[in-house]
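*Asks:* Have a look at this one before I ask anything.
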Ligand code: EPU
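In the numbering used here, the protein residues as written are 1 to 459.
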């Protein structure tokens, strides 16, 4: 993190970073629209998986547009713990992974490097192919529900792996190697689909995966694996066929852009009545979001190198249901809800992917928002299609002026939204636990600074 600070006449520090400060607590003075340009790089949710895929190659891999995120640092350490050499590539933001020295690691070492991340679970397939065993520590990630790993473990068993749970974590072995399997996921899980892809590419025989996730980041992972020599076909109706091959080589790949970050800044422009050009954002992967953004009163202009976002008039209420791709992503509802607190009328957001991803709205209520969460969904509401028993719904009535408050970041996307709410609010807010935001937003404080946000790092 950079530590550029400007001392002001009254002795207060404004701007980026914080010498001697942990960057965990922000004092934010709201009411100033965010204006300017920020750049989004590679998607957290592809980059970390492509890094794991490098373990499958017999030659080094090069990944480009890698953002500086703590989740990336966690996966890098885990690769290094397993003997993979990681070095800077031939352009800024590129990394080279050389798996030729890959070796088993001790549980304690893995545990110490795993951090608060869900990615370690995706090391299973590549490590089983390489070393015949995989050790998985207790998994972290955002606290947004139970986040079970049953789909992952069931898939690995279908490939012939043996899963042993112990007090320290999970040990997975494959004494007879891994073979192709017919797998149908109970739900199109992103992580479980990646698990199957990363395992099936070198399993003996053909794997048919039904009810697969088809998010653009999954398609980009398939592109990475195809460059490595994998044979993967994407069939109609969420079916993916993988023909296992004997060996794979390294890849050279530029990551897909981070849609989640682009959406977050678009909502920040809407909520603060600002204007943000998101350099690197592309239309195709954001079609669903752009429709909702327009219906909510947002205006955007798709340009060659990015998309410009601002309000197009008053913010309007919308009804949104989160879903798997090509639906409205669960990671996009939190920043949108902040903007919807300023819409004229009633908005409804149905969360159908996770069971506990609307808890962050409590802090918005503390700031003056009128939001009621229905933990078991709305009876007879305006939903299009009934989905999962997990559903929760938030009813947002606006417009309600937001005022400053002391709030604590609950998770990655909720955390970003709190900062935006504080920027849109009248008065000063203290937002603590903002360190979590660096899991998914590169150079977050620098970007706020570039957009003219008025904040200090106070802890
Ligand atoms: N699920 C199970 N069992 C499993 C796996 C998933 O029941 O074994 C359930 C989950 O509990 C959840 C649903 O299936 O209700 C979907 O979970 P999924 O596996 O698709 O999510 P994930 O792979 O753990 C990724 C992203 C999330 C993003 C979701 C949905 C990464 C590292 N994480 O999580 O991103 O919200 O897909 O698109 O790729 C974020 O970036 O802030 C974030 C949380």
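Backbone N, C-alpha and C fix where the C-beta goes; we use that ideal spot for every residue, glycine too. Keep in mind that this is a model prediction, so the values were computed, not measured.
Cutting at 6 Å between CB atoms, please list the residues of its own chain near residue 462, excluding the five before and the five after it.
*Replies:* No statement about residue 462 is possible, as the shown extent of the chain runs from 1 to 459 and does not include it.
*Asks:* What did DSSP end up calling residue 341 once you bin it into helix, strand or coil?
*Replies:* The answer is coil: DSSP assigns residue 341 none of H, G, I, E or B.
*Asks:* State the CB to CB distance for the pair residue 177 and residue 429, rounded to an integer number of angstroms; the pair is presumed to be in contact (CB under 8 Å).
*Replies:* Actually they are not in contact, since the Cβ atoms of residue 177 and residue 429 sit about 56 Å apart, beyond 8 Å.
*Asks:* Taking C-alpha atoms, which residue in 126, 111, 361, 288 lies nearest to residue 327?
*Replies:* Minimum Cα distance to residue 327 is reached at 288.
*Asks:* Per DSSP, what are the beta-bridge partners of residue 273 in this structure?
*Replies:* None; residue 273 has no bridge partner.
*Asks:* Tell me whether residue 193 sits in a helix, a strand or coil according to DSSP, three-state version.
*Replies:* In the structure shown, residue 193 sits in a helix (DSSP, three-state: H, G or I).
*Asks:* Kindly list the residues whose CB is nearer than 8 Å to the CB of residue 132, restricted to its own chain and excluding five residues on each side of it in sequence; keep chain order.
*Replies:* Excluding sequence neighbours, residue 132 sits near 173, 174, 175.
*Asks:* Which residues in the same chain have their Cβ closer than 7 Å to the Cβ of residue 27, if we skip the five residues on either side of it in sequence?
*Replies:* Contacts found: 428, 430, 455, 456, 458.
*Asks:* Are there any heavy atoms of ligand 1 lying less than 7 Å away from the beta-carbon of residue 99, as far as the coordinates show?
*Replies:* Checking every heavy atom of ligand 1 against the Cβ of residue 99, none is found closer than 7 Å.
*Asks:* Following a CB-centred definition, is residue 351 positioned closer than 7 Å to any heavy atom of ligand 1?
*Replies:* No, Cβ of residue 351 sits at least 7 Å from all heavy atoms of ligand 1.
*Asks:* Just to confirm the assignment, what range does the beta strand (DSSP E) spanning residue 26 have?
*Replies:* 25-29 is the span of the beta strand (DSSP E), which, as asked, contains residue 26.
*Asks:* Given that a residue counts as buried once 16 or more other Cβ atoms are within 10 Å of its Cβ, and exposed if not, what is residue 20?
*Replies:* Below a pLDDT of 50, predicted positions are generally treated as unreliable, and residue 20, at 42, falls in that range; the measurement from the model is reported next regardless. With fewer than 16 Cβ atoms within 10 Å of its Cβ, residue 20 is classed as exposed.
*Asks:* Flag residue 331 as yes when its Cβ comes closer than 7 Å to any non-hydrogen atom of ligand 1, and as no otherwise.
*Replies:* Within the cutoff, so yes.
*Asks:* Taking DSSP as the reference, what is the three-state secondary structure of residue 159?
*Replies:* Looking at residue 159 - three-state DSSP - the assignment turns out to be coil, as it is neither helix nor strand.
*Asks:* Using a Cβ-Cβ cut-off of 8 Å (strictly less than) and excluding sequence neighbours within five positions of residue 297, which residues of its own chain qualify?
*Replies:* Once the five neighbours on either side are set aside, the close Cβ partners of residue 297 are 270, 311, 312, 313, 314, 315, 316, 343.
*Asks:* Going along the chain, which residues of its own chain have a beta-carbon closer than 7 Å to the beta-carbon of residue 235, five neighbours each way excluded?
*Replies:* Excluding sequence neighbours, residue 235 sits near 241.
*Asks:* Hey, residue 151 and residue 189: beta-carbon distance below 8 Å or not?
*Replies:* Their beta carbons are under 8 Å apart, which means residue 151 touches residue 189 by this criterion.
*Asks:* Determine the DSSP secondary structure at residue 282, reduced to helix, strand or coil.
*Replies:* Residue 282: coil per DSSP, three-state reduction.
*Asks:* Hey, quick one: how far does the alpha helix (DSSP H) through residue 107 stretch, first residue to last?
*Replies:* 107-114 is the extent of the alpha helix (DSSP H) around residue 107.
*Asks:* Have a look at 321, 199, 274 and flag the residue whose alpha-carbon is nearest the alpha-carbon of residue 300.
*Replies:* The shortest C-alpha separation from residue 300 is found at 274.
*Asks:* Please name the residue or residues paired with residue 252 in a DSSP beta bridge.
*Replies:* Paired residue(s): 62.
*Asks:* Is the beta carbon of residue 285 less than 8 Å from the beta carbon of residue 216?
*Replies:* Yes, Cβ-Cβ distance for residue 285 and residue 216 is below 8 Å.
*Asks:* To the nearest angstrom, how far is the alpha carbon of residue 118 from that of residue 191?
*Replies:* Computed Cα separation, rounded: 9 Å.
*Asks:* Evaluate contact between the segment 51-62 and the segment 246-257, counting only Cβ atoms and requiring at least three cross-stretch pairs below 8 Å.
*Replies:* Yes: the two stretches touch, three or more of their Cβ pairs being nearer than 8 Å.
*Asks:* Using the C-alpha atoms, what's the distance from residue 186 back to residue 228?
*Replies:* So the alpha carbons of these two residues sit roughly 29 Å apart.
*Asks:* Label residue 440 either buried or exposed according to how many other C-beta atoms from any shown protein chain fall within 10 Å of its C-beta, with 16 as the threshold for buried.
*Replies:* So residue 440 ends up on the buried side.
*Asks:* For a test of your reading of the model: does the CB of residue 189 fall under 7 Å from any non-hydrogen atom of ligand 1? Yes or no.
*Replies:* Yes; taking the cut-off as 7 Å, the Cβ of residue 189 has a heavy atom of ligand 1 nearer than that.
*Asks:* Around the Cβ of residue 445, are there at least 16 other Cβ atoms within 10 angstroms (buried) or fewer (exposed)?
*Replies:* Buried, because 16 or more other Cβ atoms sit within 10 Å of the Cβ of residue 445.
*Asks:* Could you give the distance in angstroms between the alpha-carbon of residue 450 and the alpha-carbon of residue 164?
*Replies:* Taking the straight line joining both Cα atoms gives about 50 Å.
*Asks:* Less than 8 Å between the CB atoms is what I'm expecting for residue 103 and residue 255, so what's the real figure, rounded?
*Replies:* That belief does not hold up - the Cβ atoms of residue 103 and residue 255 are roughly 27 Å apart, past 8 Å.
*Asks:* DSSP three-state call for residue 129: helix, strand or coil?
*Replies:* Reduced to three states, the DSSP call for residue 129 is helix.
*Asks:* Does DSSP classify residue 393 as helix, strand or coil?
*Replies:* Of the three classes helix, strand and coil, the one that applies to residue 393 here is strand, per DSSP.
*Asks:* Whole angstroms are fine: how far does the CA of residue 374 sit from the CA of residue 51?
*Replies:* Rounded to whole angstroms, residue 51 to residue 374 spans 39 Å at the Cα level.
*Asks:* Does the count of Cβ pairs from the segment 217-227 and the segment 79-98 closer than 8 Å reach three?
*Replies:* Flag = no, the segment 217-227 and the segment 79-98 do not touch.
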